[in-house]
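Residue numbers (the UniProt record's numbering): 1 to 293. Each residue gets a CB set at the ideal place from its N, CA and C atoms; glycine is no exception. Below you'll find the structure, written out as structure tokens, and then a few comments.
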């Protein structure tokens with residue numbers, strides 16, 4: 001069969017599933033189609049990956065169409081996928097990694113609605129995700145012709161779900177927040193352009209909603225986030241691309257945190273205590289302009 005015709009037939013098949021409210025086609029099963037869907041996660045075709053594969057898997061997981069054994073195996077495969085091509089920034093392997101993060105998120109979220117995972121499984125995935133967040137060097141958002149890579153945003157979504165796990169306590173939430181801070185403040189020649197700050201902050205908000213984190217930690221966390229080692233003040237961050245990028249990423253993150261907490265319909269209990277510290281942090285980050293008449 002000619003390649004183009006085969007692609008068109010595949011697209012028609014998956015589109016028909018979506019058009020039928022994600023109903024499984026007659027003569028098929030979610031389990032039978034799973035290997036093909038998982039193989040599409042790393043496709044460079046944004047339609048196959050982002051419009052067909054991901055939403056179909058997400059809906060079928062949410063609807064309970066996979067057994068606990070299948071979900072466990074899926075989660076382990078997604079964990080392994082987070083390492084594929086990790087030392088090759090700029091390669092197409094980034095799509096497999098970042099969309100595997102989204103599917104792992106779906107598996108863990110399903111467990112929070114229909115518990116089936118053991119504590120050690122969730123903790124193992126927390127370790128894998130924190131390691132991935134630290135080691136991922138490909139920070140591209142939208143890639144022309146190939147669609148979303150969006151590693152920071154997809155990992156943020158996964159951390160947002162992990163932060164709500166019944167198995168994770170205050171020490172785990174502190175590790176999640178510190179890992180996010182270290183990612184945002186990392187000195188790389190990249191400015192986040194695709195609302196990554198909002199997605200990362202939303203993960204922080206979900207952690208704060210657990211009402212386990214206290215002000216001494218959060219104050220130290222903000223200091224950690226905004227510390228640029230080797231610079232005596234923020235003005236010095238204006239002369240080197242990696243420093244400028246880091247300062248912009250930090251500033252946008254803190255602003256997003258402030259306004260998400262301010263406008264959240266149900267803000268975390270600790271938000272009222274956090275606002276004065278956030279405001280002082282914002283003054284520090286933009287001190288030159290905030291002090292001008």
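{"Check": "For residue 147, list the residues DSSP reports as bridge partners.", "Outcome": "143"}
{"Check": "Is the Cβ-Cβ distance between residue 13 and residue 49 less than 8 Å?", "Outcome": "no"}
{"Check": "For the candidate residues 224, 106 and 102, whose alpha-carbon lies nearest to that of residue 181?", "Outcome": "224"}
{"Check": "Measure the alpha-carbon distance for residue 6 versus residue 229 and round it to whole angstroms.", "Outcome": "Legend: pLDDT at residue 6 = 48, less than 50; position of this residue unreliable, value from coordinates given subsequently. Those two C-alpha atoms are separated by around 55 Å."}
{"Check": "The alpha helix (DSSP H) that contains residue 278, what's its start and end?", "Outcome": "271–285"}
{"Check": "Taking the alpha carbon of residue 161 as the point to measure from, which residue in 68, 202 and 148 has its own alpha carbon closest?", "Outcome": "202"}
{"Check": "Compare the C-alpha of residue 82 against each of 65, 138, 51 and 31 and name the closest.", "Outcome": "138"}
{"Check": "Take residue 110 and list the residues in its own chain whose beta-carbon comes closer than 6 Å to its own, dropping the five residues that flank it on each side.", "Outcome": "61"}
{"Check": "State the Cα-Cα distance for the pair residue 207 and residue 213, rounded to the nearest angstrom.", "Outcome": "8 Å"}
{"Check": "Taking 8 Å as the cut-off, decide whether the C-beta atoms of residue 268 and residue 211 are in contact.", "Outcome": "yes"}
{"Check": "Using the beta-carbon count (16 or more within 10 Å), is residue 19 buried or exposed?", "Outcome": "exposed"}
{"Check": "May I have the straight-line CA-CA distance separating residue 54 from residue 70, to the nearest angstrom?", "Outcome": "17 Å"}
{"Check": "Cα-Cα, which of 45, 157, 205 and 31 is closest to residue 10?", "Outcome": "45"}
{"Check": "Do residue 201 and the ligand FMN come close, with the Cβ less than 7 Å from some heavy atom?", "Outcome": "Looking for the ligand FMN in the displayed structure turns up nothing, as the structure carries no ligands at all."}
{"Check": "Following the continuous alpha helix (DSSP H) through residue 75, name the residue where it begins and the one where it ends.", "Outcome": "68–81"}
{"Check": "Excluding sequence positions up to five away, which residues of its chain have a Cβ less than 7 Å from the Cβ of residue 217?", "Outcome": "174"}
{"Check": "When you compare each of 93, 176 and 51 to residue 42 by their alpha carbons, which one comes out closest?", "Outcome": "93"}
{"Check": "Which of the three DSSP states, helix, strand or coil, is assigned to residue 63?", "Outcome": "coil"}
{"Check": "Work out the CA separation of residue 99 and residue 152 for me, nearest whole Å.", "Outcome": "11 Å"}
{"Check": "Contact between the segment 165–172 and the segment 140–156: three or more CB pairs below 8 Å?", "Outcome": "no"}
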